[in-house]
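Numbering (my numbering), first residue to last: 2 to 323. Okay, structure first, notes after.
Laid out in structure tokens, this is it:
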């Protein structure tokens, strides 16, 4: 059996076990694998073949013409590993050539950034119909797909909680499909701050749609209507006083959610609690974010030390030497 045939069999087993977007991602990773080893007999594939394809992708991703990101390489390797494990379960092969293969430490990492304090202030202060939705993503960590179907019935203002029980996803069309559960689980309950609850209370008092962040006609967003609203919102943010010193034009829903994760970190929330609030199915995802933030804080601390030494101890030494 060829690798391509085995991969197709394995992919069928995932269709009803992952979200539509995750399924599309798996197909993309398999396409990468098939490009290099798809026609090979699974029994003939060696660890060096997996190393070779990872090295080739590290140099150039044919889909983008640029080096593949570290996350893409990790996902391709993980997919290969799972396919070969499936082959072992079917007794088609006796070993997994993808097991233990390394991803280059020099592969580019792409981090989503958190909003600066000034940018957070613009999200809070700039009037727009997307403002409430942006606040929910930034201060409660909802994904875009979780915000779009969110209704006022999902929010308990007295108990200061948001129940995240459904999500919207695209299935190759403009219309979004609502499914029970979220991207990684059956749902979660997010505790919210008094400030966010106050903003939601004001918005609910004048709301005429059941959705927290609806289209202009009160219905749930489509992909196109969301993009139009978001483009309009970014334009409003760019025109707001103080925006000229920021990069608000690049803000996405992912940035707002990452800002929430950063606020949890800065507030001292432990990583396990943060994982539950963010809806991460694997705490390793949260640990990765926290580790990156640790590195950033360490770098800033060294910068502060450098500034202090330059402006005090060493400046006195230079003056004394002169």
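The beta carbon of each residue, even a glycine, is placed where N, CA and C say it ideally should be.
Could you give the C-beta distance for residue 136 and residue 249, rounded to a whole number, given that I count them as a contact under 8 Å? Taking the chain shown and counting its residues from 1, one reaches residue 136 at position 135. Taking the chain shown and counting its residues from 1, one reaches residue 249 at position 248. Residue 136 to residue 249, Cβ: 15 Å. No contact.
What does residue 277 pair with, by DSSP beta-bridge criteria? The residue you call residue 277 lines up with position 276 of the chain shown. Note: residue 277 sits in no beta bridge, so no partner.
Count the other C-beta atoms from every protein chain shown that fall within 10 angstroms of the C-beta of residue 199, then say buried if there are 16 or more, exposed otherwise. The count along the chain shown starts at 1 and reaches residue 199 at position 198. Exposed, because fewer than 16 other Cβ atoms sit within 10 Å of the Cβ of residue 199.
Which residues share a DSSP beta bridge with residue 169? Position 168 of the chain shown, counting from 1, holds the residue named residue 169. In the DSSP output, where bridge partners are listed per residue, residue 169 has 179.
Pick helix, strand or coil for residue 18, following the three-state DSSP scheme. Mapped onto the chain shown, residue 18 falls at position 17. Residue 18: coil per DSSP, three-state reduction.
How many angstroms separate the CA atom of residue 216 from the CA atom of residue 115? For the purposes of this step, residue 216 is identified with residue 215 of the chain shown, where counting begins at 1. For the purposes of this step, residue 115 is identified with residue 114 of the chain shown, where counting begins at 1. Each residue's alpha carbon lies about 27 Å from the other.
Decide if residue 179 is buried, meaning its Cβ has at least 16 other Cβ atoms within 10 Å, or exposed. What you label residue 179 is simply residue 178 of the chain shown in a count that begins at 1. Classification for residue 179: exposed.
Thinking C-alpha only, which one of 45, 5 and 134 is nearest residue 28? The residue labelled residue 28 in the question sits at position 27 within the chain shown. Of the listed residues, the one whose Cα sits closest to residue 28 is 5.
Going by CA-CA distance only, name the one from 160, 257, 108 and 147 that's closest to residue 169. Locating residue 169 in the chain shown gives position 168, counting from the first residue. The residue with the shortest Cα to Cα distance from residue 169 is 147.
Whose C-alpha, out of 46, 109 and 223, is nearest the C-alpha of residue 72? The count along the chain shown starts at 1 and reaches residue 72 at position 71. For residue 72, the nearest C-alpha among the options comes from 109.
Using C-beta distances below 8 Å, list every residue in its chain close to residue 57, excluding the 5 sequence neighbours before and after it, in chain order. As a first step, residue 57 must be located in the chain shown, where it is residue number 56. Only residues of its own chain outside the window of five on either side were considered, and among them 37 have a CB closer than 8 Å to the CB of residue 57, listed in chain order.
CB-CB length for residue 230 against residue 131, believed under 8 Å: What you label residue 230 is simply residue 229 of the chain shown in a count that begins at 1. What you label residue 131 is simply residue 130 of the chain shown in a count that begins at 1. Going by Cβ atoms, the distance from residue 230 to residue 131 rounds to 5 Å, so yes, they are a contact pair.
If you drop the 5 nearest sequence neighbours on each side, which residues of the same chain put their C-beta closer than 8 Å to that of residue 197? One-based indexing of the chain shown puts residue 197 at position 196. The residues are 136, 137, 140 and 141.
From residue 84 to residue 24, what does the alpha carbon distance come to, in whole angstroms? The sequence position of residue 84 within the chain shown is 83, counting from 1. The sequence position of residue 24 within the chain shown is 23, counting from 1. If you take the alpha carbons of residue 84 and residue 24, they lie about 14 Å apart.
Go through its chain and collect everything with a Cβ distance to residue 204's Cβ below 7 Å, but skip five positions before and after it. Sequence index remark: in the chain shown, residue 204 carries index 203 (1-based). Take residue 204, set aside five residues on each side of it, and the residues of its chain with a beta-carbon closer than 7 Å to its own are 133, in chain order.
Have a look at residue 48 and residue 99 and give me their C-alpha separation to the nearest angstrom. As a working note, residue 48 is residue 47 in the chain shown. As a working note, residue 99 is residue 98 in the chain shown. Spanning the two alpha carbons is a distance of roughly 6 Å.
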